[in-house]
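Protein chains: 2
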Amino acid sequence: MAKRVTGPEIEKLIQLLAKVPGLGPRSARRAALHLVKKKDQLLGPLAKAMGEAHDRVRICSQCGNIDTSDPCAVCTDDRRDHGVIIVVEDVSDLWALERAGALNAAYHVLGGTLSPLDGVGPDDLNVKGLVARVTGGGVREVIIAVNATVEGQTTAHYITDQLSGLDVKITRLAHGVPVGGELDYLDEGTLSAALRARTAF
Amino acid sequence: MAKRVTGPEIEKLIQLLAKVPGLGPRSARRAALHLVKKKDQLLGPLAKAMGEAHDRVRICSQCGNIDTSDPCAVCTDDRRDHGVIIVVEDVSDLWALERAGALNAAYHVLGGTLSPLDGVGPDDLNVKGLVARVTGGGVREVIIAVNATVEGQTTAHYITDQLSGLDVKITRLAHGVPVGGELDYLDEGTLSAALRARTAF
């Protein structure tokens, strides 16, 4: 804004909100106005929640999940089968798989994928931690649930290499037609994979 | 989420972020993860900025603008012509007009438009404050800059009624072709208005 029309505290709030993914400069202004209007219902509680999250958030030293306790809620959950570890790229993938709720297993967050172009090498990923967990014993299966991208598949191969020789079954997610998906809109790679992996009706 | 996979503080943060305009449940989760990952660069400063905005934000008792001082930065700005008052529906309109920066005037925020269907009557808008400012003297012109909607125009007529008899010039925003707009995409009402209000080349 050319001239000052509001307080520096509100300008600062708009600037910071614009850095939140999903909000740009324009929607940050709209969000700030809404927050300020809902001062006691939304702005106050949100400030408090952010402060608490900031003070208490931890990265789980075992699996890499984000929680306010370490080890995290997943790693300390007795009702899970800790003999099965699902390897994911990011915490958001862990959360997505948990929403699906298909498997009651443990997780391991890599923190990215191998990507030489972006300068991400093996040491930048938490693969050593995974090898240590498997070496530690009690793990029967490692499910590699990385994205079906080139980087993801390269990472999957690297992990398989690192785990080779250890007494553990290594599996990966099935390729196929997404549930609710229309064949017409799918790429040839997915269709070929779905045909090859066809199951009895 | 079916089972607890992260801390209650982070769940709470996601819930509240989902109420911010521009973010939904899905993007709130993404935003929360990003904030938590950028704990010290973004989450901490944002929590602080929100806390400060919450504690210090005021509605200007004169014009209805949002600021951390009352009267606000606009009302106390000596370089403005306080003899001209631009009447807007919402603070966001005030900010939008200020970004345009075309007129160095004072403002008056109504806080909405007359809308019997939504139960918004004359007493819900800050029209009395406007009449008081004009009656107080020193105001030469009131520019009605409400939205070009049915409710906006009804409100404009109501304000004109309330100000009638007072020694003040009442004007409104021009209708016409938006700058950069293509005729082909404009409605007939706008085109007719633009033709009627044609100016010398």
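Chains as they are written, first to last, in the numbering used here: chain A, 12 to 212; chain B, 12 to 212.
We put the CB at the ideal spot given by N, CA and C, even for glycine.
The structure displayed is predicted, hence computed values, not measured ones.
- Task: Please check if any C-beta of chain B sits within less than 9 Å of the C-beta of Leu46 (chain A).
- Result: Yes, Leu46 (chain A) lies at the interface with chain B (some Cβ there is under 9 Å from its Cβ).
- Which whole-angstrom value is the C-beta distance of Ala167 (chain A) and Val47 (chain B), which I expect to be below 8 Å? Going by Cβ atoms, the distance from Ala167 (chain A) to Val47 (chain B) rounds to 26 Å, so no, they are not a contact pair.
- Task: Within the region 113–184 of chain B, note down every full beta strand (DSSP E) run reaching 3 residues or more, in order along the chain.
- Result: Complete beta strand (DSSP E) runs here, min 3: 116–120, 152–155, 180–183.
- Task: Drop a sphere of 10 angstroms on the beta-carbon of Ala159 (chain B), count the other beta-carbons inside from all chains shown, and report buried for 16 or more, exposed for fewer.
- Result: Residue environment for Ala159 (chain B): exposed (fewer than 16 other C-beta atoms within 10 angstroms of its C-beta).
- Query: Taking the alpha-carbon positions, what's the Leu177 (chain B) to Glu199 (chain B) distance?
  - Reply: Distance between the alpha carbons of Leu177 (chain B) and Glu199 (chain B): 35 Å.
- Query: With 9 Å set as the bound, which would you pick, yes or no: does the beta-carbon of Asn76 (chain A) sit closer than that to a beta-carbon of chain B?
  - Reply: Judged by the 9 Å Cβ criterion, Asn76 (chain A) is in contact with chain B.
- Message: Taking the alpha-carbon of Gly140 (chain A) as reference, which of A:Lys14, A:Met61, A:Val98 has the nearest alpha-carbon?
- Response: Ranking A:Lys14, A:Met61, A:Val98 by Cα distance to Gly140 (chain A) puts A:Val98 first.
- Message: Which same chain residues end up closer than 6 Å to Met12 (chain B) when comparing Cβ atoms and leaving out the 5 residues on each side of it in sequence?
- Response: Because the pLDDT at Met12 (chain B) is just 44, under 50, the model does not fix this residue reliably, and the value given afterwards should be weighed accordingly. In its chain, beyond the 5 residues on either side, no residue has a beta carbon closer than 6 Å to the beta carbon of Met12 (chain B).
- Mind checking Tyr196 (chain B): buried by the 16 CB within 10 Å criterion, or exposed? That one is exposed.
- Task: Could you round the C-beta distance between Tyr151 (chain B) and Gly94 (chain B) to whole angstroms and report it? I think they count as a contact, below 8 Å.
- Result: The amino acid occupying residue 151 (chain B) in the given sequence is Arg; Tyr does not appear at that position. Distance from Arg151 (chain B) to Gly94 (chain B) at the Cβ level is roughly 4 Å; contact confirmed, criterion being Cβ atoms closer than 8 Å.
- Task: Output, in chain order, the set of chain B residues within a Cβ distance shorter than 8 Å of Arg144 (chain A).
- Result: Neighbours of Arg144 (chain A) on chain B: none; closest Cβ ~18 Å, over 8 Å.
- Task: Give a yes or no on whether the minimum CB-CB distance between Gly55 (chain B) and chain A is below 9 Å.
- Result: Answer yes: the Cβ-Cβ gap between Gly55 (chain B) and chain A drops below 9 Å somewhere.
- Message: Is Gly62 (chain A) close to chain B? Criterion is C-beta to C-beta, closer than 9 Å.
- Response: Yes, its Cβ sits closer than 9 Å to a Cβ of chain B.
- Go through its chain and collect everything with a Cβ distance to Ile77 (chain A)'s Cβ below 8 Å, but skip five positions before and after it. Closer than 8 Å at Cβ, skipping near neighbours: Val68, Arg69, Ile70, Cys71, Cys83, Val102.
- Item | Contact belief for Val131 (chain B) with His45 (chain A) at Cβ below 8 Å, rounded distance in angstroms | Going by Cβ atoms, the distance from Val131 (chain B) to His45 (chain A) rounds to 18 Å, so no, they are not a contact pair.
- Message: Could you check whether Ala156 (chain B) and Asp89 (chain B) sit closer than 9 Å to each other, using their CB atoms as the reference points?
- Response: No, the pair does not count as a contact, with Cβ atoms beyond the cut-off.
- Query: Of the residues that make up the region 72–103 of chain A, which ones have a beta carbon closer than 9 Å to any beta carbon in chain B?
  - Reply: Within the region 72–103 of chain A, contact with chain B at the beta-carbon level (separation under 9 Å) is assigned to Asn76, Ile77, Asp78, Thr79, Ser80, Cys83, Ala84, Val85, Asp88, Arg90, Arg91, Asp101, Val102, Ser103.
- Message: Check whether chain A comes within 9 Å of Val31 (chain B), counting only Cβ atoms and requiring the distance to be less than that.
- Response: Residue-level contact by beta carbon holds for Val31 (chain B) and chain A, with a gap shorter than 9 Å.
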